[in-house]
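See below for the structure under consideration.
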Amino acid sequence: MMRVRLRDGSFNFGTVKPVKVSLDVGGMRDLFPSGVEPNVVIDYGDEVIDRLRTSRKVAAEYAVVKELPPHLEAQIQGAMQKKVVRQKTKKGLTNGSAEGPRLLEGPGGSTALTKPTQTRGSPRTGINTGLARSYGGEKPQWHAPWKLMRVISGHLGWVRSVCVEPDNQWFATGSADRTIKIWNLATGELRLTLTGHIMAVRALAVSPRHPYLFSGGEDKMVKCWDLEQNKVIRHYHGHLNGVYTLDLHPTLDLVVTAGRDAVVRVWDMRTRHPVHTLEGHKNAISQVRCQDADPQIISTSMDATVRLYDLAAGKTRTVLTHHKKAVRSLALHPEEFTFATGSPDNIKEWKCPDGEFIHNFGPHQNAIINTLSVNRDGVMFAGGDNGSMGFYDWKSGHKYQQIDSAPAVPGSLEAEHGIFASTFDKTGLRLITTEADKSIKVWREDPTATPESHPGIPWNPTLSRTAY
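Take the sequence shown: its letters are residues 1 to 468, numbered as in full-length UniProt numbering.
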């Protein structure tokens, strides 16, 4: 039905058959029922008019985005093809067909997965090789095993923190005996003892651009020590509980501290004013690290999460929830844009700036990982609460050596095997660990080792390394 308004203002209703519209007057007469003149005004109603107006607006404003750009279209098509290939591969592996799945075929007829040679019902040998090639990554680089070089004693309590001076001349350690001791890196001799904290010293950092040493302790205090005068020149007040970790921004005069009060505090180094208070964690923060590119601050917590912060905005950028247990350790690679986090469930490697998961490190160390350290040669060290020491190839994630750090101080208990902190020196050739037996140990690679004499733990890649 069509509602027709006549020239006198009255309405008439009639059934109109759809016909082709022409521009002449004769064609216009075909639009109307009998008795209706062609010079009448047609009223379609508000609903029809709104529908026409909307369709016209949509066509005018969104016509340019009706179709995806070519690169997005190609990306989606490629993802769909990979999905189909994976489904076919999974189906072929499940059915155990004699022909086997064929993913990619080169000029020589090679395939991505090895073709099984057994008949139906027999073990499908050859598929494991293909899976290793597809998911296991490249073969790890050989590294010489590490061995004990020196044991240093002097603290009267657990040694909880360590840092190396930028010129690689000395290193500092903080202990539960409330003192900070500075040692000669080459000889291991004690050079200086700093007192001022009234509880255990849990965090240390040396500024590469100022003659300052920063320390944080369980007494809620963050202190700045002038190494030219060997005394405290600044205090940073604000933490409501013990300070467990701190770090210095590599390019800005900022001190970043965190601890049991579950917040990351950013301080101006000179004015002592708080720049940001970064909240979000639900439990004590175990480690915090800074870098000059986003994310400029990364923190790990006992709430099993890892947070990446936007320093300029003063808020959380990304939250990583892959770990299932408390994350106690964190290490940034000195050259790559990656970092690693350690937890009793796994040690995981991530890619900045968005925290993309790369792989798990393995074999599993089966310990509470208190500390992680990485050098420029691609060696990562993981120290456990039970005294276990794991050495990993960074690129492949393979653990090539594991040893136990036995107590070296006479009178130490078997339970005092824990490793609390570690760091490589600036050359990456020496590793310093601080332990629960009140000792400091210095490690180095065995110069006489060869791939034939010390092959290390066999490399056996599994699919679990790529799982979250």
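Backbone N, C-alpha and C define an ideal beta-carbon position, used for all residues, glycine too.
Quick one, are the C-beta atoms of S153 and V442 less than 7 Å apart?
Cβ distance not < 7 Å, so S153 and V442 don't count as in contact.
In whole angstroms, what separates the C-alpha of R202 from that of D261?
Cα to Cα, the separation comes out at about 14 Å.
Could you tell me which residues DSSP pairs with Y212 in its beta bridges?
Answer is D226.
Hey, is the segment 314 to 321 in contact with the segment 377 to 388, meaning 3+ C-beta pairs nearer than 8 Å?
Touching, no, given that fewer than three Cβ pairs across the two stretches are closer than 8 Å.
Per DSSP, K348 forms a beta bridge with which residues?
T341 and N360.
So is E67 buried or exposed if we call it buried at 16+ other beta carbons inside 10 Å?
By the 10 Å Cβ count, E67 comes out exposed.
Rounded to whole angstroms, how far is the Cβ of I297 from the Cβ of V327, which I believe are closer than 8 Å?
Rounded, the Cβ-Cβ distance is 15 Å, inconsistent with contact.
Check for me: the beta strand (DSSP E) holding S301 runs from which residue to which?
Start and end: I297 to S301.
Where C163 and N460 are concerned, what is the direct C-alpha to C-alpha distance, given to the nearest angstrom?
Distance between the alpha carbons of C163 and N460 is about 35 Å.
Would you mind working out which of F337, A258 and E452 sits nearest G217, comparing C-alpha positions?
Closest option to G217, Cα to Cα, is A258.
At the level of alpha carbons, what is the spacing between A132 and F391?
Because the pLDDT of A132 is 33, which lies under 50, any placement of that residue in the model is unreliable, and the number read from its coordinates should be weighed accordingly. Distance between the alpha carbons of A132 and F391: 22 Å.
Using the C-alpha atoms, what's the distance from Q81 back to P166?
Each residue's Cα considered, the two are about 51 Å apart.
Do V288 and V256 have their beta-carbon atoms positioned less than 7 Å apart in this structure?
Going by C-beta atoms, V256 is nearer than 7 Å to V288.
Which residue comes first and which comes last in the alpha helix (DSSP H) that contains D247?
From DSSP, D247 is part of no alpha helix (DSSP H) but of the beta strand (DSSP E) over V243 to L248.
State the Cα-Cα distance for the pair R270 and V232, rounded to the nearest angstrom.
Approximately 13 Å, taken between the alpha carbons.
By the three-class DSSP mapping on this structure, what secondary structure does I198 have?
I198: coil per DSSP, three-state reduction.
Under the rule that 16 or more other beta-carbon atoms within 10 Å means buried, what is N168, buried or exposed?
That one is exposed.
Shortest alpha-carbon distance to I419 belongs to which of I369, R272 and L240?
Checking every option, the nearest Cα to that of I419 belongs to I369.
Give me the Cα-Cα distance between A200 and T193, rounded to the nearest whole angstrom.
So the alpha carbons of these two residues sit roughly 14 Å apart.
Exposed or buried, which one is N230 when buried takes at least 16 other CB atoms within 10 Å?
By the 10 Å Cβ count, N230 comes out exposed.
Note down, in chain order, each residue of its chain lying with its Cβ closer than 8 Å to the Cβ of R444, except the 5 sequence neighbours on either side.
Here the set comprises W146, K147, M149, L429, R430 and L431.
CB-CB under 7 Å to A284, same chain, minus the five flanking residues each way: which ones, in chain order?
Contacts found: Y244, G259, R260, A262, S301 and M302.
Identify, in the order they occur along the chain, each residue of the same chain with its Cβ nearer than 6 Å to the Cβ of H333, setting aside the five sequence neighbours on each side.
Cβ within range, chain order: V374.
Taking just the CA atoms, how far does T179 sit from T251?
Using only the alpha carbons, I get a separation of about 29 Å.
Which residue's Cα is closest to the Cα of S422: E336, Q141, A172 and E452?
Out of E336, Q141, A172 and E452, A172 has the C-alpha closest to the C-alpha of S422.
Counting C-beta neighbours from all protein chains within 10 Å, is the total for A98 16 or more, i.e. buried, or is it exposed?
With a pLDDT of 41 at A98, under the threshold of 50, the predicted position of this residue should be treated as unreliable, though the coordinate-derived value follows. The residue is exposed, with fewer than 16 neighbouring Cβ atoms inside 10 Å.
Could you tell me which residues DSSP pairs with N184 in its beta bridges?
Answer is W170.
State the start and end residues of the unbroken alpha helix (DSSP H) segment that holds T54.
Per DSSP, T54 belongs to the alpha helix (DSSP H) from D46 to E61.
Quick one: give me the first and last residue of the beta strand (DSSP E) that D310 is part of.
It spans V306 to D310 - the beta strand (DSSP E) in which D310 sits, taken as one unbroken run.
Please classify K315 as buried or exposed, where buried requires at least 16 other C-beta atoms within 10 Å of its C-beta.
Flag for K315 reads exposed.
Tell me, which residues are paired with Y400 by DSSP?
None, per the DSSP bridge assignment.
When you compare the CB of I49 with every CB in chain D, is at least one pair closer than 7 Å?
The chain inventory of the structure shown lacks chain D, comprising one protein chain alone.
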